[in-house]
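Residue 141 is where the sequence shown starts when you use our numbering, and the numbers rise one by one after that.
Even glycine gets a Cβ: it sits at the ideal position worked out from N, Cα and C.
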Amino acid sequence: QGSNSPMLRMSRFLACCTEDSSAMLRRFEYVIVGGGTSAGYACREFVAQNVGVDKVAVVTAEPVAPYERPALTKAYIHPPTAKVRARLPGFHTCVGTGGDRQTPDWYAEKGIIFISGKASSIDLEKKLVSVGEEQLQYDKLILATGCRAVKLGSFGVKGDDMENVFYLREEQDAAKLVSSLEKGKTKALVAGGGYLGLECAAALVGWGVETTVVFPETHVMSRLFNPQLAKWMEEQFTSRGVKLISGDVVREFQGSEGKLTGAQLKSDKHIPCDIAVVGAGAVPNVDFCPSELRREQGGLLVDAMMQTSQPDVYAVGDIATFPSRYGGFQRCENVDHARKSAAQAVKAAMGLKPEPYSYLPYLYTRIFEYTDSPIVFNFFGDQSENCQVAGRSEKSIGAIWQREGKVVGALIMGSPGPNAEDQAKLRQLADSAPAASEAAEVFAQVGL
141 QGSNSPMLRM SRFLACCTED SSAMLRRFEY VIVGGGTSAG YACREFVAQN VGVDKVAVVT
201 AEPVAPYERP ALTKAYIHPP TAKVRARLPG FHTCVGTGGD RQTPDWYAEK GIIFISGKAS
261 SIDLEKKLVS VGEEQLQYDK LILATGCRAV KLGSFGVKGD DMENVFYLRE EQDAAKLVSS
321 LEKGKTKALV AGGGYLGLEC AAALVGWGVE TTVVFPETHV MSRLFNPQLA KWMEEQFTSR
381 GVKLISGDVV REFQGSEGKL TGAQLKSDKH IPCDIAVVGA GAVPNVDFCP SELRREQGGL
441 LVDAMMQTSQ PDVYAVGDIA TFPSRYGGFQ RCENVDHARK SAAQAVKAAM GLKPEPYSYL
501 PYLYTRIFEY TDSPIVFNFF GDQSENCQVA GRSEKSIGAI WQREGKVVGA LIMGSPGPNA
561 EDQAKLRQLA DSAPAASEAA EVFAQVGL
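Here is the structure:
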């Protein structure tokens, strides 16, 4: 095994952060299940609130300490020519918000214990979490298990387990993708036209790989973009050499001796490729949770304190379905919510009575950063209703979303993208919900 293999990294990580204990039952005041971004930010909040040594345990199956997951489809897979290529320990939480880089040594110094493995069950009455042969007793439980990738094989697509077909959810997935690219690939297929698909396509083409994106919708980013916004983005990709195929899906990955050689589409088109990345969505990891925890929108229903339907159990990040400031409930799969909901849950679990969670959704992407013409977009608010687009310049476009005569969402994207001042104005626009008018006029009123 190499010096940076997943198994070796896990052993180093756990040697630094775990207690040596042969006891089958261990007790902690706070147990966090999940070792992703939310877990890292929850630990930061616990430390900020002076929780004390050996009070917090984190259950994780990943071989590394929590990190800023968005880097996996951005700077981690940048081509070798890029000035910035994300590698651990460089993007451990909480560097994404200017906080400490929480390496394994950081957790050891703070007395936070890591338990290796996956939680298989929760006994709510006895307050026990089962992890392999171990049982962890908790006073307060924070569920931060995130999502797992939707596998095309579950829809009957053949060959998605073939060598060089990748699903990116963890650091080791991205490491394997980069390793494959370093061996020399010529043609890439990306299945999916959402965030993950476009971010990966933007990186892959930079390796000099002929890149094709296939997606079932009529245009890219269909959950956020209307056709006009999508057209702007699609033109950016095609002008940089990425081929887009809309209204189609992969029916079968094909290969020889277990290695990928191409993909057959539903339309019967054949796309030659020797590497593929799939971004077909994600599903919350809540299967192990007891039925007493109420479900909503595929996740666990929580209140404005991030508390589930059961006392002393909290859910954060991707799996939390929380009260929306726009009415009803919503579940968000984005890093901003992962960070903020984690801090909210910790404060609530510690009895600090924080203000009710009133989340302003924030979505962003940064692509083609390895070039001299990166594309950035920032979106704040709600995108469920009427969208109006405003051209800003040859290389920039904006949009607002309206509901009941008010602006409830706002977006700017371009090359270059919005600067920090623009971003602050955009946030304030969506947060204040002023009276709606033409998009260009709304932007002008706030100096955008």
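When the Cα of C183 is compared with those of H359, K406, K487 and F365, which residue comes out closest?
K487
According to DSSP, residues forming a beta bridge with I217
Beta-bridge pairing links I217 to no other residue.
For T461, does the three-state DSSP call read helix, strand or coil?
strand
Strand pairing of F232, partner residues [DSSP]:
Sequence inspection shows His at residue 232; the Phe mentioned does not correspond to that position. DSSP output for H232 lists Y207 as bridge partner(s).
According to DSSP, is A179 part of a helix, a strand, or is it coil?
helix
Inter-residue spacing [alpha-carbon to alpha-carbon] between E525 and T378:
28 Å
Please classify L492: is it buried, with 16 or more other beta-carbons within 10 angstroms of its beta-carbon, or exposed?
exposed
Between the Cα of V187 and those of P424, T358 and Y247, spot the shortest distance and give me the residue it belongs to.
Y247
Using the Cα positions of S162 and L276, report the straight-line distance between them to the nearest angstrom.
Note that S162 scores 44 on pLDDT, short of 50, meaning its location in the model is unreliable; the coordinates nonetheless yield the value given after this. Going from the Cα of S162 to the Cα of L276 covers about 13 Å.
Element boundaries [alpha helix (DSSP H), containing H477]:
V475 to A489
H359 - partner residues in DSSP beta bridges:
Paired residues: none, contrary to the question.
Measure the alpha-carbon distance for W541 versus G468 and round it to whole angstroms.
18 Å
Let me check one thing: in DSSP terms, what residues is R543 bridge-paired to?
Its beta-bridge partners are K546.
Thinking just about the alpha-carbon of each residue, which of L283, A343, V547 and A455 is nearest to the one in H218?
Nearest to H218 by C-alpha distance, out of L283, A343, V547 and A455, is A343.
Going by beta carbon distance, what residues of the same chain come within less than 6 Å of E578, once the five residues before and after it are set aside?
none
Classify F517 as buried or exposed, calling it buried when 16 or more other Cβ atoms lie within 10 Å of its own Cβ.
buried
Measuring only the C-alpha atoms, how far is G296 from R391?
8 Å
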